[in-house]
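Novice:
There are 2 protein chains.
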Amino acid sequence: MNQKISPPSRGPVDHDVRNQIVEAAAEHFSRYGYEKTTVSDLAKAIGFSKAYIYKFFDSKQAIGEVICSNTLLKITTTINESMDGAPTASERFRRMFKSAIGASVQLFFQDRKLYDIAAAAAGENWNSVANYDLKLKQTILDVLQEGRASGEFERKTPIDETVNAIYFVMKPYLNPLLLQHNLDRAEDTGVMIVNLILRSLAP
Amino acid sequence: MNQKISPPSRGPVDHDVRNQIVEAAAEHFSRYGYEKTTVSDLAKAIGFSKAYIYKFFDSKQAIGEVICSNTLLKITTTINESMDGAPTASERFRRMFKSAIGASVQLFFQDRKLYDIAAAAAGENWNSVANYDLKLKQTILDVLQEGRASGEFERKTPIDETVNAIYFVMKPYLNPLLLQHNLDRAEDTGVMIVNLILRSLAP
């Protein structure tokens, strides 16, 4: 189910109020869960009227999107930072997968209530998740192109197929709905899977 | 959670009664769900006393184990039959994964209520699931050994590591708890993933 929502922003002057709502909502969701909270609950908790909140956000999901985007941005930043200075494309790939699993486990599961938003977002394919997936595929593509250019990776397979196949192999370790069933040994399994992927990329 | 249960069988003379209970229970679970049904509900539906059912099965799970074993045996049989007569190890591997996905989608999801038992079994790692996993790993090992012997597959990676890595890459398409999130495109994605695995096996 791909739910289209209009951009939540209603002008830069209201930026502070928006932030205030998002922060209070994140706190509220993390205590009471995303699914169980209504916009009325939020309004009561923040001390705003429901109508005032609707001036800034079309729906609860629009607030959830901002929280989710912020979380996924943290994961993307962790991934990118981990890859800095890696000497080879293989090593960049290893670091990408390892840091992606580590950051996902930490951000989705250290606080079970944040899992609640992430699970809704992943289950309903929110825009924030679709954007995150696009960025991840772009990162995979960048590493592949680098490794193909340096002769580290094979060049016969159409690169789009390779990107998609790797994305689908990685997904169970990044999507919170799937990762919850792999949590115990996600990091160990991740190492085995990266090794398999790198063998598949050998020239 | 690895729940040990004692063997449900209490002697061959009672074989027919056991079958009767399993069949009636399968019918009842498939209409009302596994989780929601108690042994009392089953007894009432079958027309036996609860004590009589307990003469044959230690628990509801013991009955569920038989139903689950039967289902998983159907999947294993489908996989093995699909592999018969394949000319190469690569082709055997392709057929294994394709038929495993097809049979899992059909058996777990064509009847959502059978999904209910399969999900409980997978989530709690019942003996029937552990046995199925062992058989699957053995099948992967057999194909790998065949392909290594014929020179079709590389021989450098320790074979146990290869078996485990392939098992973990396949798992999201066989475990019903994970498969439910991949259902829409499990078969297409499966083809891409098999291609990636076969590239990883190239000498």
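In the order they appear, the protein sequences are chains U and R.
Note that our numbering numbers the first sequence so that position 134 is 156, with each residue one more than the last.
Note that our numbering numbers the second sequence so that position 166 is 188, with each residue one more than the last.
Positions of the beta carbon are idealized from the N, C-alpha and C atoms, including for glycine.
Establish whether the CB of Leu-199 (chain U) and some CB of chain R are separated by less than 8 Å.
Specialist: It does; some Cβ of chain R falls within 8 Å.
Novice: Counting only C-beta atoms, is Ala-208 (chain U) closer than 8 Å to chain R at any point?
Specialist: Not closer than 8 Å to any Cβ of chain R, the Cβ of Ala-208 (chain U) fails to qualify, so no.
Novice: Since Glu-87 (chain R) and Asn-149 (chain R) should fall inside the 8 Å C-beta cutoff, what is the C-beta to C-beta distance between them, to a whole number of angstroms?
Specialist: Contact holds; Cβ gap of about 6 Å.
Novice: Applying the criterion that 16 or more other CB atoms from any shown protein chain within 10 Å of the CB defines a buried residue, is Asn-92 (chain R) buried or exposed?
Specialist: Classification of Asn-92 (chain R): exposed, given that the 10 Å Cβ count is below 16.
Novice: Between which two residues does the alpha helix (DSSP H) carrying Thr-211 (chain R) extend?
Specialist: Thr-211 (chain R) -> alpha helix (DSSP H) spans 208–223.
Novice: Starting from Lys-66 (chain R), follow the alpha helix (DSSP H) in both directions and report where the run begins and ends.
Specialist: Looking at the DSSP string, the run of the alpha helix (DSSP H) that includes Lys-66 (chain R) is 61–68.
Novice: Report the three-state DSSP secondary structure of Ala-202 (chain U) (helix, strand or coil).
Specialist: Reading off the sequence shown, one finds Gln at residue 202 (chain U), where the question assumed Ala. Here Gln-202 (chain U) sits in coil by DSSP.
Novice: Let me see if you follow: with CB-CB separation under 8 Å, is Arg-221 (chain U) close to chain R or not?
Specialist: With 8 Å as the cut-off, Arg-221 (chain U) counts as an interface residue toward chain R.
Novice: With 7 Å as the limit, tell me which residues of the stretch 49–61 of chain U have their beta carbon closer than that to any beta carbon of chain R; keep them in chain order.
Specialist: Correct list: empty, as no residue qualifies.
Novice: So the candidates are U:Phe-51, U:Phe-78, U:Ala-142, U:Ser-52; which of them puts its Cα closest to the Cα of Asp-38 (chain U)?
Specialist: Asp-38 (chain U) has its Cα closest to that of U:Phe-78, out of U:Phe-51, U:Phe-78, U:Ala-142, U:Ser-52.
Novice: Taking one C-beta from the stretch 135–154 of chain R and one from the stretch 39–58 of chain R each time, how about it: are there three or more such pairs within less than 8 Å?
Specialist: The stretch 135–154 of chain R vs the stretch 39–58 of chain R: in contact.
Novice: Taking C-beta pairs closer than 7 Å, name the residues in chain U that Thr-211 (chain R) reaches, listed in chain order.
Specialist: Ordered by position in chain U, the residues that pass the 7 Å Cβ test against Thr-211 (chain R) are Phe-190.
Novice: Could you tell me which of U:Thr-211, U:Asp-36, U:Thr-100, U:Ser-121 sits nearest to Tyr-74 (chain U), measuring between CA atoms?
Specialist: Among U:Thr-211, U:Asp-36, U:Thr-100, U:Ser-121, the Cα nearest to that of Tyr-74 (chain U) is on U:Asp-36.
Novice: Measure the C-alpha to C-alpha separation of His-203 (chain R) and Gly-212 (chain R) and round it to an integer number of angstroms.
Specialist: Going from the Cα of His-203 (chain R) to the Cα of Gly-212 (chain R) covers about 14 Å.
Novice: Would you mind sorting Thr-161 (chain U) into buried or exposed? The rule is 16 or more other CB atoms within 10 Å of its CB.
Specialist: Counting Cβ neighbours within 10 Å, Thr-161 (chain U) comes out buried, since at least 16 surround it.
Novice: Which residues in the same chain as Pro-198 (chain U) place their Cβ atom closer than 8 Å to its Cβ, once the five residues preceding and following it in sequence are excluded?
Specialist: Ser-126, Phe-130, Phe-131, Tyr-137, Ala-140, Ala-141, Ala-144, listed in sequence order.
Novice: What in chain R is Cβ-close to Glu-146 (chain U), meaning under 9 Å?
Specialist: What Glu-146 (chain U) touches in chain R: nothing, since even the nearest Cβ is about 12 Å away.
Novice: Assign Arg-221 (chain U) to buried or exposed, taking buried as 16 or more other Cβ atoms, counted over all protein chains shown, within 10 Å of its Cβ.
Specialist: Buried is the call here.
Novice: Within 8 Å (strictly less), CB to CB, does Ile-215 (chain U) reach chain R?
Specialist: It does; some Cβ of chain R falls within 8 Å.
Novice: Starting from Tyr-76 (chain U) and walking both ways along the alpha helix (DSSP H), at which residues does that stretch end?
Specialist: Element bounds for Tyr-76 (chain U): 72–78.
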